[in-house]
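In my numbering, the protein residues as written are 65 to 254.
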Amino acid sequence: MIGPAAARPETGVQEPADLLDELDSADWKRAGSTAAGPSLGRSATRVHSNAPANTLVLDHLAACDGEVADFIAAARQAPAQPVDPGQPSRAAAYERARVQAEDLGIDWQEYLVAMEWRHAVSSALLMGDTEVIRREPCPACRTWGLIWVVTHKAAMCVNRYCADRGQPRMWTLAQLAAERASRRVQRIAS
């Protein structure tokens, strides 16, 4: 069981830092917290026990935090902003990245918007909220027919006219994030 429906966040409203902080709680780090259910196939008898922590969640947190840190390090050519001496948090790291991206220009802002959206959506998917993908239009046909396919770890357009030689259109989170960021930047520029 992924978790009670009442415990699932409203991902369309929350910032990526808030979702990552929620994933950082003990409930989501517990082993088996993101398991989709029992396996249908046969498996060998286990000799060793599973890890006491959910390594999928820990790896996701480390990857997101590392990507924000890499972005900030790459953007150091901008004038350094004063940092409060308090405890560093994810929200502060994202805010620092936003300030540096504003100083560096539209390309950096577009990359940061895509990265933040990808972090928020991947966190929501890890928590079991697959409906977050349905809020995005298909990049090819611009319809609202995207669904999340867990086995492929990609979004698929279910519009029957959005097909390439009979195969459904599949989009990774990185592709959807880049498309969304470019649409947002074009909307701001016009």
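Backbone N, C-alpha and C define an ideal beta-carbon position, used for all residues, glycine too.
Which of helix, strand or coil DSSP assigns to W208: For the purposes of this step, residue 208 is taken as residue 144 along the sequence shown, with counting starting at 1. It is coil, neither helix nor strand.
A204 versus V111 - alpha carbon distance: Position 140 of the sequence shown, counting from 1, holds the residue named residue 204. Position 47 of the sequence shown, counting from 1, holds the residue named residue 111. Roughly 48 Å separates the two Cα atoms.
Minimum C-alpha distance to R199 - residue among L240, D171, H216: Position 135 of the sequence shown holds residue 199. Per the Cα distances, L240.
Backbone secondary structure at A202 - three-state DSSP: Working through the sequence shown from its first residue, we reach residue 202 at position 138. It is worth fixing the name first, because residue 202 is Cys in this sequence and not Ala. Looking at C202 - three-state DSSP - the assignment turns out to be coil, as it is neither helix nor strand.
Separation of V214 from N118, as counted between CA atoms: What you label residue 118 is simply residue 54 of the sequence shown in a count that begins at 1. What you label residue 214 is simply residue 150 of the sequence shown in a count that begins at 1. Rounded to whole angstroms, N118 to V214 spans 18 Å at the Cα level.
Alpha carbon of E174 to alpha carbon of R248, nearest angstrom: Position 110 of the sequence shown, counting from 1, holds the residue named residue 174. Position 184 of the sequence shown, counting from 1, holds the residue named residue 248. When rounded, the distance between both Cα atoms is 8 Å.
Opposing strand residues paired with V213 [DSSP bridges]: On the sequence shown, position 149 is the one that residue 213 refers to. A218.
Residues bridged to A117 (per DSSP): Taking the first residue of the sequence shown as 1, we reach residue 117 at position 53. In the DSSP output, where bridge partners are listed per residue, A117 has R94.
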